[in-house]
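Only one structure is covered here, and it is reproduced in the block below.
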Amino acid sequence: MSATLRLALLLLAVAVCQGYQSNDIDEEDELVYEPSKYGSLWPLPQKVRVSEVSFKLPSASFKIVDAKESSAGPSCSLLQNAYRRYYEYMFGSVRKPGYVKSRAAGPSEISELQVWITSADSECDSYPSLTSDESYELTVDQPNAVLKASKVWGALRGLETFSQLVYEDAYGAKNINSTTISDFPRFAHRGILLDTSRHFLPIKVILANLEAMAMNKFNVFHWHIVDDPSFPYLSRTFPQLSQQGAYHPYTHVYTPADVKMIIEFARLRGIRVIPEFDTPGHTQSWGKGQKDLLTPCYSGTTPSGTFGPVNPILNTTYSFMRQLFSEISSVFPDAYVHLGGDEVDFSCWRSNPDIQNFMEQQGFGQDYSKLESFYIQKLLDIVTTTQKGYMIWQEVFDNGVKLKPDTVVHVWMGNRVEEEMQNVTEAGYTTILSSPWYLDYISYGQDWQKYYKVEPLSFKGTEAQKKLVIGGEACLWGEYVDATNLTPRLWPRASAVAERLWSAKEVTDISDAYSRLSMHRCRLVERGIPAEPLFTSFCPHEYKGV
Amino acid sequence: KRCSVTRFHFLPLIIFLVGLHAVEGIWPLPQTMTSSAERYSLDPQYFNFNYGRDSATQQGCSVLDAAFKRYFSIIFPDHISGSVFAERAALNAETVWGALRGNSNNLCSMFMNKGITFFVNKTEIEDFPRFQFRGVLLDTSRHYLPVQVILKTLDAMSYSKFNVFHWHIVDDPSFPYQSRTFPGLSSKGAFHPMTHIYTQSDVRRVISYARLRGIRVLPEFDSPGHTQSWGKGQSDLLTPCYKGGIPSGTFGPVNPASASSYQFMARLFKEVSAVFPESYIHLGGDEVDVSCWKSNPDVQVFMQKMGFGNDFAKLESYYMENLVNITSALNKTSIVWQDVFEYHERVSTPQQMIVVWREGCYLCEVRRVTKAGLKVILASPWYLDLPGPTHDWVRYYTVWPLAFKGTEEQKKLVIGGEVCMWGEYVDATNLSPRLWPRASAAAERLWSDEKQTSSVARAFSRLQDFRCKLLRRGIQAEPLFVGHCRHEYQGV
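The listed protein sequences derive, respectively, from chains A and B.
If you want our numbering, it's the 1-based position in the first sequence plus 455.
If you want our numbering, it's the 1-based position in the second sequence plus 14.
Here it is in structure tokens:
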């Protein structure tokens, strides 16, 4: 894109988004900070009972251990790593070695958190999936706290909850109140979309955000890894895609080792990594490294030198896709891959005489959405042979493409959201919602409230239809976002989405949420995540990472 | 000690520099610049900064010695200083402050080629600022900003040639300034008496760090409104509000009817004027809510005694006049928000400066203030705490501070502008990316020639390039749009 065109887009975007800005301010409530009876718990567990009785946690001797009966032991490194992580979150800044005196628990102390995996298969070495059991039960009482979960995934969620119950008293000592919690997520798919094509995100930023996701009980990293502007995924099969299509062939790519590391880092936090390879539109960067993949656009009767979406009429296109998706399906262990399918611009297809001929042969007339469906159908068949399920943006469904019954339709458009949810579920497809959670749109004031007040099941439909809504995703598109501003733009605004997707439907008290979220954001800051403030306030430990 | 360099009579400066490609990185644009295709390589082993033979300052000038060191490592990251001097470039400036700006330039136009060779093109630049006051306001009351964050911002300011740090240090929510005369103000009024304060040595550190970068530190102690946090550590300072004939337990602005208020202010400002070497003090004076004054019987009695009738603007003027007198007795000139001018068009001190901050027709206000013969600093179009829904730097760039009807004299009274980063939604976590590079757009408007910098399209790629340079120097500046920098930000 030329500089002028980019600029025009920029100005347009400014103009369009001003509308949003003024709307948002009206919706906000004036909130006054009052401590919540649920302390700093975020997202709020399904069932919580916190008593007034408090215990000390001796930082020097406190341990997180496997319960004797647990099916996971020292060999489960996922849990062992988590124990260490949460110990450091809770005591990291105050631990003073040499101070340790081993002794029995005092009268008002809790000396251990026992983690008990009850199912014979703890799933310690598996990858989390859509059906993973994340439920857990937590009892904090003398002499020990006990965290019971069927699988390691529930244990991870419970550890986060336990760490959120710990607070500092006036003497700086760690305390926890006697508590019982029984918890499970309302929705199974709770995701964050990051866009690494419009701006390249260094690995470190992705990892930090996986950490923050775990602190908010998110469980899906939707990796919008490639798009028009750049192709940073280093493919073993087609290395020229990133060699030619990335911003820089070495410094702005994700190598197979990088990808592997991110997937494992996510797994250890109970987070699925779903890659998106969006086609046939949004593929300008693909064309640089793969000749004849994109459709040559014509101006009159001669090629104009520019290219449009993937060329759907060539056999080479499909053999390319077959090889690429075969690689992707082995690199990314998750059972789903996101195939995109959004915002296809037909003008280039229309201009191309070969495509026109093909349209005639196929009897598509002038209906280019039929050509799009033709392409998508073939792509879906290819992906099906790799044993993966697929997610697609809503247009694919809207255009009437035949989909496998387990397809996840991703609703993103801002208009007629409820109608779309209704239609998708009526057709029997599972769906996830993103429309209200485009966090790349920003405005003055407390827009987290707007994200918080969304009710994903507010559309008209039967109980069975509602069950098909498996969750949602907060999207942070990359036009104006890179490593410099991603984290404070995402957190704690995405935390509002996290509670909506995890907690019970009835959890809607906005001033209680304000209080808990303020404390939660300070906790994120203390753990090294630069989460921005909700409003005028302070944290005991301010962010110092500048 | 102030360092100064000999006068030069319009000798064009031959600095380093710049091929067409590299010219994009210069920001703000110098007043005149010609560069040729002729290019020199710079070898870090041999390159050196040196004082010119005729320079009035020589080694030992702390400002320039420190600047040489700083800019050397910016130009040549990861290189150790060489020792041989090759006379290639000269930078002439009347004072060290000009030399600092030139240094910043030379860097901007330096570009790196593949590998480790550094080049500059032959270039001549003559440069000076369009406006003398180019400020950034940080608000350390609504959120506390750790000293480290302020220093980092001063670094970034110097890269955009800003020269005033307007330190909105206290306000309603908290009083982080640790006063040696009234320590109770911060021990009671700060968010935390130990961790959320600026000690005297913190303040000194900020001032000296700023000085080395040619930046003045202008403190603002805003009163009589915006003082809720003051009341915590200073009883009887604020006006007790009344409800139905009895005190309601809440407090309003500083009590203007009580002599003790002025005694307190005189002592506080005596301290402030000693701590801050800057010859101006910002007295605030904005957004005073008079309802509490109205409710208070003592204030009512005072109003009658003074013959103010029911005109509370007169009471406000009375208060501000007292404050202005206090500061002028301390040999400081006062700066106030436009509110003070509005309720008080009668000019008390002609040196007084007015900051125009309200939205709407701000140039109308500029015109009125200059017509009254007062100096103006423009802030209205540069409230950067409002986040652009997208990257809206264009809005801050397309500001024309002198586009009002007025005489030449009036225009001369517009001495500059400032970027305001209020703290409701801003703290250390998001300050830098919200401020940079959007503030740089304002910086160019305040430094450069307006005719040469009126095109947004031409500025765009240059600013993009400049923001990558900021990243390279460790400033967390957010992107303008889709794209990349050779060296991306590696923090979180």
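Where is the CB? At the ideal position from N, CA and C, for every residue including glycine.
Exercise. Quick one, which residues of the stretch 435-447 of chain B are near chain A if we go by CB-CB under 9 angstroms, in chain order?
Worked result: 437, 438, 439, 440, 441, 442, 443, 444, 445, 446 and 447
Exercise. Do residue 806/A and residue 752/A have their CB atoms nearer than 8 angstroms?
Worked result: yes
For this session: Please report the Cβ distance between residue 572/A and residue 525/A, rounded to the nearest whole angstrom; I am assuming they are in contact, meaning their Cβ atoms lie under 8 angstroms.
Result: 5 angstroms
Exercise. Mind listing which residues of the stretch 285-312 of chain B have their C-beta closer than 8 angstroms to chain A's C-betas, in chain order?
Worked result: none
For this session: Return the first residue and the last residue of the beta strand (DSSP E) that residue 254/B is part of.
Result: 252-257
Exercise. What distance in whole Å lies between the Cβ atoms of residue 957/A and residue 672/A, which are believed to be in contact at a cut-off of 8 angstroms?
Worked result: 5 angstroms
For this session: Would you kindly report the start and end of the unbroken alpha helix (DSSP H) that includes residue 504/B?
Result: Element bounds for residue 504/B: n/a, residue is neither H nor E.
For this session: Identify, in the order they occur along the chain, each residue of the same chain with its Cβ nearer than 6 angstroms to the Cβ of residue 590/A, setting aside the five sequence neighbours on each side.
Result: 609 and 639
For this session: For chain B, find out if any of its Cβ atoms is closer than 8 angstroms to the Cβ of residue 705/A; answer yes or no.
Result: no
Problem set entry | Three-state secondary structure (DSSP) of residue 644/A | strand
For this session: Classify residue 498/B as buried or exposed, calling it buried when 16 or more other Cβ atoms lie within 10 Å of its own Cβ.
Result: buried
For this session: Step through the CB atoms of chain A and report whether any lies within less than 8 angstroms of the CB of residue 67/B.
Result: no
Exercise. What beta strand (DSSP E) runs, 3 residues minimum, are completely inside the stretch 317-350 of chain B?
Worked result: none
For this session: Check whether the Cβ of residue 149/B lies closer than 8 angstroms to any Cβ atom in chain A.
Result: no
Exercise. What's the C-alpha gap between residue 124/B and residue 78/B?
Worked result: Bear in mind that the predicted position of residue 124/B carries a pLDDT of just 47, short of 50, making it too unreliable to give a figure here.
Exercise. What number of angstroms, rounded off, separates the C-alpha of residue 183/B from the C-alpha of residue 480/B?
Worked result: 30 angstroms
For this session: Measure the alpha-carbon distance for residue 487/B versus residue 504/B and round it to whole angstroms.
Result: 12 angstroms
Problem set entry | Distance between beta carbons of residue 433/B and residue 150/B, contact taken as under 8 angstroms | 5 angstroms
For this session: May I ask you to report which of helix, strand or coil DSSP gives residue 790/A?
Result: coil
Problem set entry | Where residue 974/A sits in the DSSP three-state scheme | helix
Exercise. For residue 413/B and chain A, any beta-carbon pair shorter than 8 angstroms?
Worked result: no
For this session: Assign residue 113/B to one of two classes, buried (16 or more other C-beta atoms within 10 Å of its C-beta) or exposed (fewer than that).
Result: buried
Exercise. DSSP three-state call for residue 569/A: helix, strand or coil?
Worked result: strand
For this session: Mind the definition here: the stretch 338-346 of chain B touches the stretch 307-321 of chain B only if three or more C-beta pairs lie below 8 angstroms; say whether that holds.
Result: no
Exercise. Would you say residue 138/B faces chain A, with C-beta separation under 8 angstroms as the test?
Worked result: no
Exercise. Can you tell me where the beta strand (DSSP E) with residue 875/A in it begins and where it stops?
Worked result: Counting along the chain, residue 875/A falls outside any beta strand (DSSP E), though it belongs to the alpha helix (DSSP H) covering 872-881.
For this session: Decide if residue 508/A is buried, meaning its Cβ has at least 16 other Cβ atoms within 10 Å, or exposed.
Result: exposed
Exercise. So, helix, strand or coil for residue 489/B, using DSSP?
Worked result: coil
Problem set entry | For residue 630/A, the residue or residues it bridges with in DSSP | 511/A and 622/A
For this session: Run the CB neighbour count on residue 315/B, radius 10 Å, all protein chains shown included, and call it buried at 16 or more, exposed below.
Result: exposed
Problem set entry | With 16 other Cβ atoms within 10 Å as the buried cut-off, status of residue 490/A | exposed
For this session: Can you grab the Cα-Cα spacing for the pair residue 58/B / residue 980/A, in whole Å?
Result: 40 angstroms
Exercise. What residue from 579/A, 969/A and 789/A has the CA that sits closest to residue 492/A's CA?
Worked result: 969/A
Problem set entry | Residue from 877/A, 874/A, 834/A and 982/A whose Cα sits closest to the Cα of residue 858/A | 834/A
Exercise. Does DSSP put residue 907/A in a helix, in a strand, or in coil?
Worked result: helix
Exercise. Is it right to say residue 996/A is buried, meaning 16 or more other beta carbons lie within 10 angstroms of its own, or is it exposed?
Worked result: exposed
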